[in-house]
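Just so we're aligned, residue 0 is where the sequence shown starts under numbering that gives the first Met the number 0, counting upward by one.
Each residue gets a CB set at the ideal place from its N, CA and C atoms; glycine is no exception.
Each remark here refers to the structure printed beneath this line.
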Amino acid sequence: MSTTTDTYVRARIDTNTKERAASALESMGLSVSDAIRLLMLRIADEHRQG
């Protein structure tokens, strides 16, 4: 049986970009965490396939 644990990811980005991205993501029903999770999953999946 495997268990999933969360890992924290920290990134530095300028405030203006973060605020604009968070606003755009909110209009799509996503959080910044959701977007980072999607990006990381896509990278991992493409690396595995390539």
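- Counting along the chain, no alpha helix (DSSP H) covers Ile12, and no H or E run does either.
- The criterion of a C-beta distance shorter than 8 Å is satisfied by Val8 and Ile35.
- Going by DSSP, Ser32 is part of the alpha helix (DSSP H) stretching over Val31 to Gln48.
- Here Ser30 is near Leu24, since their CB atoms are less than 8 Å apart.
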